[in-house]
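**Q**
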Amino acid sequence: LATLNQLREVIQSLETHNVTVSGFVLSLLCDNRLQEQPCVQNLIDQMDEILLAFYEHPKSSKSTLAWANDLVKSRYAESVRELAKKENGWHFGALRASAKKLQEFRIEDMAQKMEDLAPELWDLLGLMLSADKRQTERIAKRTKSQETDGDQVMGNVEDEEEDIRVDDVNIEEASNLNRSRNPHSLAERREALVTIKKVVIISIMMQGTNQKCNALESVFGIFLHSCNTPQKVIDALAHMGITISCHAVHDAIHSLSLETYETLRNMGQTLL
Numbered sequence: 036l037a038t039l040n041q042l043r044e045v046i047q048s049l050e051t052h053n054v055t056v057s058g059f060v061l062s063l064l065c066d067n068r069l070q071e072q073p074c075v076q077n078l079i080d081q082m083d084e085i086l087l088a089f090y091e092h093p094k095s096s097k098s099t100l101a102w103a104n105d106l107v108k109s110r111y112a113e114s115v116r117e118l119a120k121k122e123n124g125w126h127f128g129a130l131r132a133s134a135k136k137l138q139e140f141r142i143e144d145m146a147q148k149m150e151d152l153a154p155e156l157w158d159l160l161g162l163m164l165s166a167d168k169r170q171t172e173r174i175a176k177r178t179k180s181q182e183t184d185g186d187q188v189m190g191n192v193e194d195e196e197e198d199i200r201v202d203d204v205n206i207e208e209a210s211n212l213n214r215s216r217n218p219h220s221l222a223e224r225r226e227a228l229v230t231i232k233k234v235v236i237i238s239i240m241m242q243g244t245n246q247k248c249n250a251l252e253s254v255f256g257i258f259l260h261s262c263n264t265p266q267k268v269i270d271a272l273a274h275m276g277i278t279i280s281c282h283a284v285h286d287a288i289h290s291l292s293l294e295t296y297e298t299l300r301n302m303g304q305t306l307l
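The numbering of the sequence shown is the working numbering, which starts it at 36 and goes up by one.
Here it is in structure tokens:
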């Protein structure tokens with residue numbers, strides 16, 4: 036850092052030339068003719084420290100936080116709008132439901148594409164779903180100990196199951212029942228559950244942005260129907276954005292029934 040005397044000399048020089056500090060910094064960053072100046076590169080290199088100083092300064096802390104908040108909200112909103120576009124393949128029309136669409140749906144594929152298209156939003160949700168670092172570290176240590184010692188370490192297993200109560204659910208089972216196999220460790224199982232939660236949360240956001248973007252909700256709605264889930268339950272989940280409405284589910288089932296009828300009729304005609 037510069038000494039107090041050096042700072043006073045710089046301030047005096049700026050005042051002599053009727054140039055404000057903010058105007059000087061903005062000119063350095065915005066004027067293309069000055070981009071090769073060493074002082075410009077120095078500003079860029081020290082950006083993290085400069086922004087942190089604004090955040091920690093008592094007179095600029097709130098405004099800095101508000102600016103950062105507005106910036107990231109705009110960024111994440113744009114990410115959701117991008118994800119909800121038709122070309123990403125997540126617009127599932129109930130009236131055009133087909134067995135092929137259901138068979139091709141995989142949560143793993145959806146998760147990977149979400150992470151590729153919106154990596155910052157994906158990371159944020161991962162952090163929010165494991166916000167207590169001490170809890171996460173404690174689980175990781177227990178898991179490592181259990182994997183190291185094998186069956187000898189049994190005292191912590193019940194605690195692990197408390198932390199991950201729905202261990203039997205895994206990302207493979209949720210997307211493809213024919214390939215159901217539990218992950219080999221608690222860490223993998225926990226990561227699979229977090230991935231499913233992130234996909235569900237982002238899917239709710241996408242449907243809220245574009246009602247036609249409802250791939251996960253449609254598949255889940257058809258699954259609920261196959262389990263004879265009461266209509267009131269489906270409607271309640273639909274209001275939460277987790278599934279499509281009962282009416283839409285019935286449209287999808289009708290479409291699938293017509294497809295089955297056409298398939299059987301075509302098979303029958305080949306025998307004539």
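Where a beta carbon is used, it is the ideal one built from N, C-alpha and C, also for glycine.
1) Inspect the beta-carbon positions of Leu160 and Ser114 and report whether they are closer than 8 Å.
2) Mapping DSSP to helix, strand and coil, what is Cys262?
3) If you drop the 5 nearest sequence neighbours on each side, which residues of the same chain put their C-beta closer than 8 Å to that of Arg200?
4) With burial defined as no fewer than 16 other Cβ atoms inside 10 Å of the residue's Cβ, what is the status of Asn77: buried or exposed?
5) Pairs of beta-carbons, one from the segment 91-105 and one from the segment 217-231, closer than 8 Å: are there three or more?
6) Could you please give me the residues that DSSP links to His126 through a beta bridge?
7) Taking 8 Å as the threshold (C-beta atoms), are Ser253 and Ala287 in contact?
8) Once you ignore the five residues that flank Leu259 on each side, which residues in its own chain have a CB closer than 7 Å to its CB?
9) For Gly256, does the three-state DSSP call read helix, strand or coil?
10) Is it right to say Ala231 is buried, meaning 16 or more other beta carbons lie within 10 angstroms of its own, or is it exposed?
11) Considering only the beta carbon of each residue, do Val75 and Leu64 sit closer than 8 Å?
12) Which residues in the same chain as Val56 place their Cβ atom closer than 7 Å to its Cβ, once the five residues preceding and following it in sequence are excluded?
13) For Ser292, count the other beta carbons within 10 Å of its own beta carbon; 16 or more makes it buried, fewer makes it exposed. Which is it?
14) Checking 8 Å against the spacing of the C-beta atoms, do Ile239 and Leu118 come in under that value?
15) Keeping to the same chain, check which residues put their C-beta closer than 7 Å to that of Glu294; ignore five residues upstream and five downstream.
16) Please say whether Met145 and Val235 have beta carbons closer to each other than 8 Å?
17) What does the Cβ neighbour count give for Asn249, buried or exposed, with the cut at 16 atoms within 10 Å?
18) Sorted by chain position, which residues of the same chain lie with C-beta nearer than 6 Å to Gly256's C-beta, five sequence neighbours on each side aside?
19) Which of helix, strand or coil does DSSP assign to Asn211?
**A** For this structure:
1) The residue labelled residue 160 in the question sits at position 125 within the sequence shown. The residue labelled residue 114 in the question sits at position 79 within the sequence shown. No; because the gap between Cβ atoms is not below 8 Å, this pair is not in contact.
2) As a position in the sequence shown, residue 262 is number 227, starting the count at 1. It is coil, neither helix nor strand.
3) For the purposes of this step, residue 200 is identified with residue 165 of the sequence shown, where counting begins at 1. Annotation note: pLDDT 46 at Arg200 (below 50); position unreliable, coordinate value reported separately. Here the set comprises nothing.
4) By 1-based counting over the sequence shown, the position of residue 77 is 42. Exposed.
5) Not touching, per the Cβ criterion.
6) For this step, residue 126 is matched to residue 91 along the sequence shown. Beta-bridge pairing links His126 to Cys248.
7) Looking up residue 287 in the sequence shown gives position 252. Looking up residue 253 in the sequence shown gives position 218. Yes, these two residues count as a Cβ contact at 8 Å.
8) Counted from its first residue, the sequence shown places residue 259 at position 224. Answer for Leu259: Ile269 and Thr278, listed in chain order.
9) In the sequence shown, the residue the question calls residue 256 occupies position 221. Three-state result, Gly256: helix.
10) To locate residue 231, count along the sequence shown from 1; it is residue 196. For the record, residue 231 in the displayed sequence is Ile; it is not Ala. Its Cβ being crowded by 16 or more others within 10 Å, Ile231 is buried.
11) Taking the sequence shown and counting its residues from 1, one reaches residue 75 at position 40. Taking the sequence shown and counting its residues from 1, one reaches residue 64 at position 29. Yes, the pair counts as a contact, with Cβ atoms nearer than the cut-off.
12) In the sequence shown, residue 56 corresponds to position 21, counting from 1. Within the same chain, Val56 has close Cβ partners Leu49.
13) Along the sequence shown, one-based indexing puts residue 292 at 257. So Ser292 ends up on the exposed side.
14) Here residue 239 refers to the residue found at position 204 of the sequence shown. Here residue 118 refers to the residue found at position 83 of the sequence shown. No, they are not a contact pair.
15) Locating residue 294 in the sequence shown gives position 259, where the first residue counts as 1. Excluding sequence positions up to five before and after Glu294, its CB lies within less than 7 Å of the CB of Ser133 and Ala134, all in the same chain and listed in chain order.
16) Your numbering for residue 235 matches position 200 in the sequence shown. Your numbering for residue 145 matches position 110 in the sequence shown. Not a contact, by the Cβ cut-off of 8 Å.
17) Here the question's residue 249 lines up with position 214 in the sequence shown. The residue is buried, with at least 16 neighbouring Cβ atoms inside 10 Å.
18) Indexing the sequence shown from 1 puts residue 256 at position 221. The answer, listed in chain order, is Thr278, Ile279 and Val284.
19) Along the sequence shown, read from residue 1 onward, the residue named residue 211 stands at position 176. Low local confidence applies: a pLDDT of 47 at Asn211 is under 50, so the model's placement there is unreliable, and no value is given.
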